[in-house]
Amino acid sequence: MQIQVLKSKIHRVKVTQADLNYIGSVTIDLNLMEASGLIEHEKVQVVNVNNGERLETYVIKGKRGSGTICLNGPAARKVELGDIVIIISYALMDYEEAKKFKPSIIFPNEKNKLN
587 MQIQVLKSKI HRVKVTQADL NYIGSVTIDL NLMEASGLIE HEKVQVVNVN NGERLETYVI
647 KGKRGSGTIC LNGPAARKVE LGDIVIIISY ALMDYEEAKK FKPSIIFPNE KNKLN
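Numbering (my numbering), first residue to last: 587 to 701.
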C-alpha cells in the first residue's frame, strides 16, 4: 500500500510579492527551498493563514538570500502582500517506509530568513 505523507514544509513565511501577470507558480528564495527539501517544479500546497485560502501550484527558484515568496498568476489573487503562508509538499511512499520517514520542516524568521 502507498500513502501520501508530509515531505516538506516552510512554516509561516511572509508574502513579499504577488504577480498576477506571470504564467503561474510560487517563487521561493533558493535558501528556503534547499533547507526544506523542495525542488524547482515540485507541486506544493500554499495555505494562507490570514484568509484561509488553500491552493496548489508549483515551485520556481527565487534569488538566493532574497527572502522572496511571490505568488504568481491567478494565485496572486489569493494573497495580499504581508500575508503569512505555509508552503507544503507531500510524497507518495510505501506504508512501512512512511512510518520511518521524517519530513523537512523549517521555521524562517519574520524576514523569511533562516536563523
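Heads up, the beta-carbon is just placed ideally off N, CA and C, and yes, glycines get one too.
The structure displayed is predicted, hence computed values, not measured ones.
Limits of the unbroken beta strand (DSSP E) element including residue i
i      : result
Glu642 : 640-648
Ala702 : What is shown of the chain runs 587 to 701, which leaves residue 702 out entirely.
His597 : 588-600
Arg629 : The sequence given here has Lys at residue 629, not Arg. That run of the beta strand (DSSP E) goes 629-634.
Leu657 : 655-658
Those residues which DSSP pairs with residue i across a bridge
i      : result
Asn607 : For Asn607, which the question treats as bridged, DSSP gives no partner whatsoever.
Ser690 : Ser594
Contacts around residue i, its chain only, beta-carbon distance under 7 angstroms, and the 5 residues preceding and following it disregarded
i      : result
Ala621 : Ile692, Leu700
Asp738 : Outside the modelled stretch of the chain, which goes from 587 to 701, sits residue 738, for which no answer is possible.
Range of the contiguous alpha helix (DSSP H) that encloses residue i
i      : result
Asn617 : 616-622
Neighbour-count burial assignment, residue i, 16 or more Cβ in a 10 Å radius
i      : result
Gly668 : exposed
Asn698 : buried
Cβ shell of residue i (< 8 angstroms), same chain only, five flanking positions each side left out
i      : result
Gln588 : Leu678, Met679, Asp680, Tyr681
Contacts around residue i, its chain only, beta-carbon distance under 6 angstroms, and the 5 residues preceding and following it disregarded
i      : result
Tyr608 : Asn658, Gly659
Test: residue i CB closer than 8 angstroms to a CB of chain B
i      : result
Gly651 : Among the protein chains of the structure shown there is no chain B, as only one such chain exists.
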